[in-house]
């Protein structure tokens, strides 16, 4: 036996426990999810249990609530990611100008990230957005704009959950972009200045192209998080009022665990999984392509 | 020292007993009280100790009425030798946890506080046992002593599937109008007798500039929130859940009921009401900001909390207003105890003994007017207890007409078909709640919302 294959076997032995753990905790449940999605499993109608083939998926076409939660998922993901990148980049550029105390700002920025999303949701629900008593209402009332039912009105509720997510995750974009801004070589800017490039030109033609990889990474990671968001919305609105904030994840949860239609719920979850995979592969391909 | 011989003997005895009991201090505390207090149970012709040594776990929700039961459970353990462990699960999760346990057949919860709407689901999966098996067995139940027929009939009806009882009511409620008697008296108003009068009364009281709103109802989304109020309006207007065997959400009466609900809340309720469940309503009423709300009669104990309430002595109660057909429809809400079918035979017997004990008249009294603690339960499961002198004394201070309105409504207004009895209730209730909320917040018109619910429920029922 060659030394090489012995080494490989040793590497495999080291790798195997981790692989097994991954298979047991992620792959198997995933396979089971897909298996469930092709079954008829509805606890409230045990008499229909059986193999369904693609029936559950076929039903999606005519399910208005599925399409509206799909649309909401895209609105929610699109706006939160765009806001995070824009606000995060803005903050990073601003903080770059601050000479002293940057460390403190970084620590402060981490705070929302380390909060559990469910805590963030509850915190906003009960302290910030509560009508009459909340901080938001305090501001709008003292500005003479009146009191609002932030989480009770369909449109305000959607804006509110977008705000919660943006508040919690913008610091992530901020930190990543700040780090990559700090690593930019100063000599290019000096050369640009000698060529009389204005601040906007410098930003547009130097900064942006240089930090583009970082932005793409932020977009990918934030998209995956936004697509799989659950806890904060669940805690703040429960998907309501009505179905105004019911993104796909919440719809799948409601189907499976409130309505007890496990088969159909699994199908919705599988579709969400496919969307997430497609989006991230697409973005990665885009990144490699250039 | 002057100690009479009697008490000296007691002290001596205690001295001997102390070292033995040190290992289990709580046994010592209860053992003393029990010797005398087990009598009412021992008069039943049933061998309470037949399942001695069994251990059962009971899931309940964190609530005063279950705390009262928990605090006297050492008496049950002394009576039967069965060890009971309680697990408190918040009301929002207890159904899911119970279903998880039942569907995996682990038998974790011998019994749990069950939602009456879930029995059809449980039974169609054969997850629980028919109670008759235990109730009709002379070795397990002394029928004369237990007197099952005394338990409020509509609650038993609600907990039955095809005429078979599956869960024994422990605590429950009826829905009543709760109004500010002082405000009504000042305007010369009487509590509403019909649905139309509710709005008229509300209009007369409504004065939001002085922080008094005319009327409010549960507005939050959920099977136990807005879908708790809506069915009473719907049934009072003559609505039927099923027509020709098929579920109908968008009937004429359905739309009318939802319009009434939307109209009342949008005109006379505080704007935040759409997020409110019963505790929020009770808070608002206690703070003196509501003229009327319609909710569980058991809220009376919260409204009369001297530390929180600003409306002490100003509360009046009346039955649900009636619809055009003269029907008044209260909820049939009760927490019942079913028997988990996944248990061993001995554990099932132990569970039944527990249920029998908890729902017996004596235990109901001991958790109510006889209770030691500050909480005295109101949601007693037997009409004979509601009509007893002792209970009348307890309920006397709760406000004007509390006892009369409660008894009348427990007797006449409880409607077994208050909500649609069907195994698919979890999905149907949730869908209806979503539609009602969409209408309450103005996202959809009542008809539109119910049409959509109908389509969706049609799909759900098709499977």
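Chains as they are written, first to last, in the numbering used here: chain A, 11 to 300; chain B, 43 to 505.
We put the beta carbon where it would ideally sit given N, CA and C, even for glycine.
Is residue i buried or exposed, if buried means 16 or more other CB atoms sit within 10 Å of its CB?
i: residue 463(B); result: buried
i: residue 74(B); result: Here the model assigns residue 74(B) a pLDDT of 44, short of 50, so the residue's position is not dependable, and the following value carries that caveat. By the 10 Å Cβ count, residue 74(B) comes out exposed.
i: residue 457(B); result: buried
i: residue 193(B); result: buried
i: residue 370(B); result: buried
i: residue 189(B); result: exposed
i: residue 377(B); result: buried
i: residue 208(B); result: buried
i: residue 89(B); result: exposed
i: residue 85(A); result: exposed
i: residue 213(A); result: exposed
i: residue 468(B); result: buried
i: residue 327(B); result: buried
i: residue 245(B); result: exposed
i: residue 117(B); result: buried
i: residue 58(A); result: exposed
i: residue 112(A); result: exposed
i: residue 143(A); result: exposed
i: residue 211(A); result: exposed
i: residue 485(B); result: buried
Using C-beta distances below 6 angstroms, list every residue in its chain close to residue i, excluding the 5 sequence neighbours before and after it, in chain order.
i: residue 1(A); result: In this structure chain A extends from 11 to 300, so residue 1(A) is not present and cannot be described.
i: residue 470(B); result: 499
i: residue 478(B); result: 268, 272
i: residue 283(A); result: none
i: residue 65(A); result: none
i: residue 481(B); result: 300, 304, 488, 491
i: residue 77(B); result: Per-residue confidence for residue 77(B) stands at a pLDDT of 48, beneath the threshold of 50, marking its modelled position as unreliable; the derived number appears in the next sentence. So no residue of the chain qualifies.
Taking the continuous beta strand (DSSP E) assigned at residue i, which residues delimit it?
i: residue 212(B); result: 210 to 214
i: residue 358(B); result: 357 to 361
i: residue 222(B); result: 217 to 222
What residues in its chain sit with their C-beta under 8 angstroms from that of residue i, if we drop five residues either side in the sequence?
i: residue 123(A); result: 178, 179, 181, 182
i: residue 301(B); result: 488
i: residue 162(A); result: 141, 251
i: residue 165(A); result: 254
i: residue 515(B); result: This structure leaves residue 515(B) out entirely; chain B is present only between 43 and 505.
What does a CB cutoff of less than 7 angstroms around residue i pick up in its chain, not counting 5 residues either side in sequence?
i: residue 190(A); result: 221, 224
i: residue 66(B); result: Low confidence applies here, because residue 66(B) scores a pLDDT of 44, under 50, leaving its location unreliable and the question unanswered by this model.
i: residue 319(B); result: 260, 262, 267
i: residue 526(B); result: Residue 526(B) is absent from the model: chain B starts at 43 and stops at 505.
i: residue 234(B); result: 219, 240, 243, 363
i: residue 166(B); result: 465
i: residue 329(B); result: 352
i: residue 139(A); result: 146, 160, 161, 170
i: residue 367(B); result: 280
i: residue 234(A); result: 286, 290
i: residue 280(A); result: 43, 44, 47
According to DSSP, what are the bridge partners of residue i?
i: residue 524(B); result: No information on residue 524(B) is available, as it lies outside the stretch 43 to 505 that chain B covers here.
i: residue 249(B); result: 254(B)
i: residue 203(B); result: 206(B)
i: residue 335(B); result: 220(B), 258(B)
i: residue 271(A); result: 52(A)
i: residue 285(B); result: 288(B)
i: residue 60(A); result: 50(A)
i: residue 215(A); result: Residue 215(A) pairs with nothing; no bridge assigned.
i: residue 154(B); result: 101(B)
i: residue 191(A); result: Answer is none; residue 191(A) lacks a bridge partner.
i: residue 456(B); result: 372(B)
i: residue 364(B); result: 236(B)
First and last residue of the alpha helix (DSSP H) that includes residue i?
i: residue 350(B); result: No alpha helix (DSSP H) holds residue 350(B); DSSP gives it neither H nor E.
i: residue 258(A); result: 258 to 263
i: residue 13(A); result: 13 to 32
i: residue 278(B); result: 268 to 278
i: residue 234(B); result: Note, residue 234(B): premise wrong, no alpha helix (DSSP H); not H, not E.
i: residue 471(B); result: 467 to 482
i: residue 317(B); result: Careful: residue 317(B) lies outside any alpha helix (DSSP H) and carries neither H nor E.
Are the C-beta atoms of residue i and some chain D residue less than 8 angstroms apart?
i: residue 166(B); result: Of the chains in the structure shown, none is chain D; the protein chains are A and B.
Every unbroken beta strand (DSSP E) within the region 367 to 396 of chain B, with a cutoff of 3 residues, ordered by chain
376 to 379
Which full runs of the beta strand (DSSP E) of 3+ residues lie inside the region 398 to 446 of chain B, going along the chain?
none
Give the list of continuous alpha helix (DSSP H) stretches no shorter than 4 residues that lie fully inside the region 165 to 195 of chain B.
174 to 177, 185 to 188
To test your reading of the DSSP string, which unbroken alpha helix (DSSP H) runs of 4 or more residues are found completely within the region 94 to 163 of chain A?
112 to 124, 127 to 133, 145 to 152
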